[in-house]
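Residue numbers (our numbering): 935 to 1120. Positions of the beta carbon are idealized from the N, C-alpha and C atoms, including for glycine.
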């Protein structure tokens, strides 16, 4: 049972707090890959993706699909600050809700990379770390937090519902922020 041996070894060497602190680190490795490749990839595929969207979706997604490396790095910076703040709140103050919401969004984000790869028939920026790093990390983080009874499993249900409700608002705010402070074309 290789999986039992691996998870046993990891559990023996990393406590739940350490697993939680890995979130900002895994986030940055993933986003470094995205930052490096996002602008040229968007130049190749952004228009084709926009054409397939409804006019309403196109209105909100156009700022995301036309961004520069600098625009994207700015978004990553602000999201990273929230990831670090949520990790500090979880580790230091046992406030887990924002941490779980972000961890769940990070987990689901893997499937947007996979879906875009299939749709565009190309490697998307971030897909390698999404599949090889984010997916195993988030899966293990959820397993470990529940197994160590740091977080009750029903909390994931409520925080998952909150993530679903908050995600469109977050996307809208980021889209408006990006449109206001856009560097593309400057």
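What did DSSP end up calling residue 1029 once you bin it into helix, strand or coil?
coil
May I ask you to verify whether the stretch 998-1013 touches the stretch 973-980, counting CB pairs closer than 8 Å and requiring at least 3?
yes
Runs of alpha helix (DSSP H) lying entirely within the stretch 964-1022, each at least 4 residues, in chain order:
989-999
Rounded to whole angstroms, how far is the Cβ of residue 954 from the Cβ of residue 1021, which I believe are closer than 8 Å?
6 Å
Reduced DSSP secondary structure (H/G/I, E/B, other) of residue 1060:
coil
Am I right that residue 1075 and residue 1039 are in contact with their C-beta atoms under 8 Å? What's the rounded C-beta distance?
Rounded, the Cβ-Cβ distance is 13 Å, inconsistent with contact.
Between residue 902 and the rest of its own chain, which residues show a CB-CB distance below 6 Å, the 5 nearest in sequence each way excluded?
It is not possible to answer for residue 902, since the shown part of the chain is limited to 935 through 1120.
Might you give, ordered along the chain, the residues of its own chain that have their beta carbon closer than 6 Å to the beta carbon of residue 951, omitting 5 neighbours on each side?
1025
Whole-number beta carbon distance between residue 1023 and residue 1029, since they are thought to touch under 8 Å:
4 Å
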